Amino acid sequence: MHTEPHQPLTPATRYGDPIHRPRPIQPHTVLLPTNVPPGVDWVTLPNGVRTLAYTHPHPAPATETEPVRESIPRWAKTTALLAPTLGGGIAAAGFGISYAAPGVLAMAEALWATVALIAAGALAALLLHATRRTGGRGAGPVQHITQNITATGVFGRATGTLNNR
Numbered sequence: 004m005h006t007e008p009h010q011p012l013t014p015a016t017r018y019g020d021p022i023h024r025p026r027p028i029q030p031h032t033v034l035l036p037t038n039v040p041p042g043v044d045w046v047t048l049p050n051g052v053r054t055l056a057y058t059h060p061h062p063a064p065a066t067e068t069e070p071v072r073e074s075i076p077r078w079a080k081t082t083a084l085l086a087p088t089l090g091g092g093i094a095a096a097g098f099g100i101s102y103a104a105p106g107v108l109a110m111a112e113a114l115w116a117t118v119a120l121i122a123a124g125a126l127a128a129l130l131l132h133a134t135r136r137t138g139g140r141g142a143g144p145v146q147h148i149t150q151n152i153t154a155t156g157v158f159g160r161a162t163g164t165l166n167n168r
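In the working numbering, each residue carries its 1-based index in the sequence shown increased by 3.
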């Protein structure tokens, strides 16, 4: 098995290692309030330090504007106009029926009287027909009358005979 030689780990010195070497101190630039770019503002951090930071733009104060009026749909206008008309029609119909009720009742009574009259007439005809056949005085023989008519031509004279049997 192949092993590579290893070097013992030695603790690096704090400043001797190039990776952990401190940065050189650079002078701070001072920004005047006129040089601060838009979107950057002074903020106070929770630990009390004031620093520059990017901030969200503050929304413009809302001014009271008149609400936009939406147009009313045509179906809503039609329904609004039909509702009182339909209700008025139903009310008028109820009012008329209440006034017509006595007349309707009288007409119903007259209709029942008419039905009774028709039924009585039909029953009377049946009774008369039944009593005529089986009448006590006896019914006469049934007579048959036949007629024969003959004519010749369009304008010919017609002749005929009657047979009474």
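Where is the CB? At the ideal position from N, CA and C, for every residue including glycine.
All of these numbers come straight from a predicted model, not from anything done at the bench.
Would you report the Cα separation of residue 98 and residue 87, rounded to the nearest angstrom? Within the sequence shown, numbered from 1, the residue matching residue 98 stands at position 95. Within the sequence shown, numbered from 1, the residue matching residue 87 stands at position 84. Rounded to whole angstroms, residue 98 and residue 87 show a C-alpha spacing of 16 Å.
Ends of the beta strand (DSSP E) at residue 56? The residue you call residue 56 lines up with position 53 of the sequence shown. Per DSSP, residue 56 belongs to the beta strand (DSSP E) from 53 to 57.
What's the C-alpha gap between residue 65 and residue 27? Position 62 of the sequence shown, counted from the first residue, corresponds to residue 65. Position 24 of the sequence shown, counted from the first residue, corresponds to residue 27. C-alpha separation (whole angstroms): 50 Å.
Quick one, are the C-beta atoms of residue 163 and residue 148 less than 7 Å apart? Stepping through the sequence shown from its first residue, residue 163 is reached at position 160. Stepping through the sequence shown from its first residue, residue 148 is reached at position 145. For residue 163 and residue 148, no; Cβs fall outside 7 Å.
Looking only at DSSP bridge pairs, what is residue 2 linked to? There is simply no residue 2 to check, as the chain begins at 4 and stops at 168 in what is shown.
Simplified DSSP state of residue 43, which is helix, strand or coil: Within the sequence shown, the letter at position 40 stands for residue 43. Strand, per DSSP.
Taking just the CA atoms, how far does residue 83 sit from residue 75? For this step, residue 75 is matched to residue 72 along the sequence shown. For this step, residue 83 is matched to residue 80 along the sequence shown. If you take the alpha carbons of residue 75 and residue 83, they lie about 11 Å apart.
Compare the beta carbon distance of residue 58 and residue 44 with 7 Å and say whether it is the shorter of the two. For the purposes of this step, residue 58 is taken as the residue at position 55 of the sequence shown. For the purposes of this step, residue 44 is taken as the residue at position 41 of the sequence shown. Closer than 7 Å, so yes.
Helix, strand or coil at residue 159 [DSSP, three-state]: Against the sequence shown, residue 159 aligns to sequence position 156. DSSP places residue 159 in coil when its eight states are reduced to three.
Straight-line Cα distance separating residue 155 from residue 122: Along the sequence shown, one-based indexing puts residue 122 at 119. Along the sequence shown, one-based indexing puts residue 155 at 152. Approximately 51 Å between the Cα atoms of the pair.
Euclidean distance between Cα positions of residue 116 and residue 105: Along the sequence shown, read from residue 1 onward, the residue named residue 116 stands at position 113. Along the sequence shown, read from residue 1 onward, the residue named residue 105 stands at position 102. So the alpha carbons of these two residues sit roughly 17 Å apart.
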